[in-house]
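A.B. asks: Numbered per my numbering, the sequence shown spans residues 24 to 452.
Built from N, CA and C at the ideal position, the CB exists for glycine as well.
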Amino acid sequence: MLVGNGTVVNFYEDGVKLLKEHAVYIEANKIKEVGPFSALKKEYGKDDFIDAKGMFIMPGNICTHTHFYGAFARGMALKGEAPKNFVEILQKLWWKLDLALTNEDSYYSALVCLLEAIKSGTTTVIDHHASPNSISGSLDYIAKAVKETGISASLCYEVTDRNGEKGTIEGIKENVRFAKLCKENKHKNISAMMGLHASLTLSDATLDLCANEMKNLGLGSHIHVAEDKADVEDSKRRCGKRVVTRLLKHGILNEKSIAAHCVHVSDEEIELLKEHRVSVVHNPESNMNNAVGVAPVSKMLSKGVMLGLGTDGMTLDMFKEMRCAYLLHKLYENDPRALSAPDLLRVAYVNNRKIAERITGRKTGLITNGAEADIILVNYKPYTPINESNFPWHFVFGIDGSMVDTTISNGKVLMQNREIKVLDEDSIV
24 MLVGNGTVVN FYEDGVKLLK EHAVYIEANK IKEVGPFSAL KKEYGKDDFI DAKGMFIMPG
84 NICTHTHFYG AFARGMALKG EAPKNFVEIL QKLWWKLDLA LTNEDSYYSA LVCLLEAIKS
144 GTTTVIDHHA SPNSISGSLD YIAKAVKETG ISASLCYEVT DRNGEKGTIE GIKENVRFAK
204 LCKENKHKNI SAMMGLHASL TLSDATLDLC ANEMKNLGLG SHIHVAEDKA DVEDSKRRCG
264 KRVVTRLLKH GILNEKSIAA HCVHVSDEEI ELLKEHRVSV VHNPESNMNN AVGVAPVSKM
324 LSKGVMLGLG TDGMTLDMFK EMRCAYLLHK LYENDPRALS APDLLRVAYV NNRKIAERIT
384 GRKTGLITNG AEADIILVNY KPYTPINESN FPWHFVFGID GSMVDTTISN GKVLMQNREI
444 KVLDEDSIV
């Protein structure tokens with residue numbers, strides 16, 4: 024399949040590269056060749072062709088932390104007094120919602136979110152699941168939804184002690200069972216992690232059990248870290264140390280791990296995260312919504328932490344999350360230079376693809392020969408000149424998810440001309 028007649032966009036450490044009047048040739052699920060449209064049209068003119076005239080041919084977006092089941096929280100009105108802090112939000116909303124989930128619910132929550140992902144150009148998702156009354160097999164139901172949509176994903180089940188020892192053991196077993204299936208390639212384009220909730224709901228013994236299975240299977244962990252001050256205070260009560268130190272002591276954090284949030288991390292913890300090559304995922308919309316604080320993004324970037332961007336279940340539209348991050352840190356730091364547009368794109372594209380490759384082993388997030396064919400066409404019509412120097416600001420202020428015309432994942436067209444090709448959206452809803 025040839026996708027061409029548009030401008031190919033790639034994101035690198037040193038900036039954005041634009042290739043005008045270029046094309047991408049896809050063979051099976053890989054990008055075989057990138058080059059001038061005129062040359063590739065001569066070479067592959069008889070193959071299927073998608074005309075990207077006037078559009079930007081970009082890598083599919085990557086979301087490095089989300090919760091599909093969060094779809095069911097939309098429109099939910101809580102009875103009684105509104106939660107006044109993060110722990111109450113967990114108790115009154117999330118820990119009631121996840122207890123109610125069946126495997127079928129988990130399947131449909133994933134489908135709904137993945138439809139949103141396709142429509143907004145997200146082709147790789149790293150999800151963190153919880154359904155304490157339907158643990159066994161729950162990841163298979165989510166994997167089924169992922170396969171039906173055609174995107175790529177990494178999945179895990181949230182281990183926690185809050186529902187008793189039986190729930191803890193079942194959660195670990197579900198992660199292990201699913202990880203073994205992924206290693207046997209039973210779930211194509213899906214990988215596994217060891218999911219854990221957070222330090223504040225995990226005993227030392229549970230951390231050790233998870234770490235042992237991680238070591239046996241070569242897994243990274245996917246865990247919320249210092250999202251709220253309550254997590255820090257709990258860790259200090261347990262062992263006299265902060266969260267990152269506690270998790271490292273028990274072997275939970277490694278180079279394949281995702282530490283989501285890291286809102287309340289100290290300078291020492293930032294150094295430890297860098298030293299142990301842990302990927303940190305920033306989730307600005309969620310942090311604002313839960314009033315937990317703002318992650319020290321500028322400091323982590325300056326110290327060389329691998330910092331990516333996720334949504335924490337708020338959305339699967341990464342364009343929304345990017346703009347939120349861009350604006351938030353200027354206000355928080357009282358500095359219009361904070362998290363510049365080029366820095367934002369490095370986080371959302373360069374770092375997110377590195378994180379995804381560490382965890383999934385897939386080469387995605389870059390339009391180059393041999394990479395996975397995860398591509399989106401963005402129908403953005405700039406009113407002012409656009410070039411490599413000013414593209415980051417066009418991106419932040421001009422592009423949004425509704426401009427995604429076509430989404431291709433693993434070489435398969437999932438949406439074209441804004442029409443979903445792989446699922447019946449109305450019947451799902």
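Touch check for the segment 260-272 and the segment 287-300: three-plus C-beta pairs under 8 Å?
C.D. replies: yes
A.B. asks: Thinking C-alpha only, which one of 350, 365 and 374 is nearest residue 412?
C.D. replies: Taking the first residue of the sequence shown as position 1, residue 412 is located at position 389. Here the closest residue by C-alpha is 365.
A.B. asks: Is there a Cβ from chain D that is less than 8 Å from the Cβ of residue 88?
C.D. replies: Looking at the structure shown, chain D is missing, and only one protein chain is on hand.
A.B. asks: With distances taken from CA atoms, which of 148, 347 and 184 is nearest residue 169?
C.D. replies: Within the sequence shown, residue 169 is the residue found at index 146, counting from 1. Ranked by Cα distance from residue 169, the options 148, 347 and 184 are led by 148.
A.B. asks: Report all residues from its chain with a CB closer than 7 Å to the CB of residue 395; omit the five preceding and five following residues, and keep chain order.
C.D. replies: Here the question's residue 395 lines up with position 372 in the sequence shown. Taken in chain order, the residues that qualify are 52, 53, 385, 386, 387 and 433.
A.B. asks: Bridge partners of residue 27, per DSSP?
C.D. replies: Taking the first residue of the sequence shown as 1, we reach residue 27 at position 4. According to DSSP, residue 27 bridges with 46 and 74.
A.B. asks: Grab the span of the alpha helix (DSSP H) containing residue 110 for me, first residue to last.
C.D. replies: By one-based count along the sequence shown, residue 110 stands at place 87. First-last of the alpha helix (DSSP H) with residue 110: 109-112.
A.B. asks: For residue 105, name the three-state secondary structure that DSSP assigns.
C.D. replies: For the purposes of this step, residue 105 is taken as the residue at position 82 of the sequence shown. Residue state, collapsed to three classes: coil.
A.B. asks: What is the DSSP secondary structure of residue 372, counted as helix, strand or coil?
C.D. replies: What you label residue 372 is simply residue 349 of the sequence shown in a count that begins at 1. The answer is helix: DSSP assigns residue 372 an H, G or I state.
A.B. asks: Counting along the chain, where does the beta strand (DSSP E) carrying residue 99 start and finish?
C.D. replies: The residue given as residue 99 occupies position 76 in the sequence shown. Taken as a continuous stretch (DSSP letters only), residue 99 belongs to no beta strand (DSSP E), as it is neither H nor E.
A.B. asks: Using the rule of at least 16 other Cβ atoms within 10 Å of the residue's Cβ for burial, across every protein chain shown, is residue 71 buried or exposed?
C.D. replies: Position 48 of the sequence shown, counted from the start, is the residue given in the question as residue 71. Classification of residue 71: exposed, given that the 10 Å Cβ count is below 16.
A.B. asks: Look at the alpha carbon of residue 27 and the alpha carbon of residue 235, and state the distance between them as a whole number of angstroms.
C.D. replies: Taking the first residue of the sequence shown as 1, we reach residue 27 at position 4. Taking the first residue of the sequence shown as 1, we reach residue 235 at position 212. Roughly 49 Å between the two C-alpha positions.
A.B. asks: Can you tell me where the alpha helix (DSSP H) with residue 210 in it begins and where it stops?
C.D. replies: Translated into positions along the sequence shown, residue 210 becomes position 187. For residue 210, there is no enclosing alpha helix (DSSP H), as DSSP marks it with neither H nor E.
A.B. asks: Span of the beta strand (DSSP E) holding residue 191?
C.D. replies: As a first step, residue 191 must be located in the sequence shown, where it is residue number 168. From DSSP, residue 191 is part of no beta strand (DSSP E) but of the alpha helix (DSSP H) over 188-206.
A.B. asks: Beta carbon of residue 430, beta carbon of residue 83: below 8 Å?
C.D. replies: Mapped onto the sequence shown, residue 430 falls at position 407. Mapped onto the sequence shown, residue 83 falls at position 60. A contact, by the Cβ cut-off of 8 Å.
A.B. asks: Between residue 371 and the rest of its own chain, which residues show a CB-CB distance below 7 Å, the 5 nearest in sequence each way excluded?
C.D. replies: Here residue 371 refers to the residue found at position 348 of the sequence shown. Closer than 7 Å at Cβ, skipping near neighbours: 332, 341 and 345.
A.B. asks: CA-CA distance, residue 154 and residue 116?
C.D. replies: Mapped onto the sequence shown, residue 154 falls at position 131. Mapped onto the sequence shown, residue 116 falls at position 93. So the two alpha carbons sit approximately 13 Å from each other.
A.B. asks: Between residue 437 and residue 172, is the Cβ-Cβ spacing less than 8 Å?
C.D. replies: The count along the sequence shown starts at 1 and reaches residue 437 at position 414. The count along the sequence shown starts at 1 and reaches residue 172 at position 149. In contact: residue 437 and residue 172 (Cβ atoms closer than 8 Å).
A.B. asks: Could you check the C-alpha separation between residue 63 and residue 160 for me, to the nearest Å?
C.D. replies: Start at 1 with the first residue of the sequence shown, and residue 63 comes out as number 40. Start at 1 with the first residue of the sequence shown, and residue 160 comes out as number 137. Here the C-alpha atom of residue 63 lies approximately 46 Å from the C-alpha atom of residue 160.
A.B. asks: Which residues in the same chain as residue 44 place their Cβ atom closer than 6 Å to its Cβ, once the five residues preceding and following it in sequence are excluded?
C.D. replies: Against the sequence shown, residue 44 aligns to sequence position 21. 60, listed in sequence order.
A.B. asks: Given this structure, state the Cα-to-Cα distance separating residue 451 from residue 134, to the nearest angstrom.
C.D. replies: The sequence position of residue 451 within the sequence shown is 428, counting from 1. The sequence position of residue 134 within the sequence shown is 111, counting from 1. Rounded to whole angstroms, the separation of the alpha carbons of residue 134 and residue 451 is 8 Å.
A.B. asks: How close, in whole Å, do the beta carbons of residue 313 and residue 109 come, if the pair is a contact with beta carbons under 8 Å?
C.D. replies: Locating residue 313 in the sequence shown gives position 290, counting from the first residue. Locating residue 109 in the sequence shown gives position 86, counting from the first residue. Sure, about 5 Å apart at Cβ, within 8 Å.
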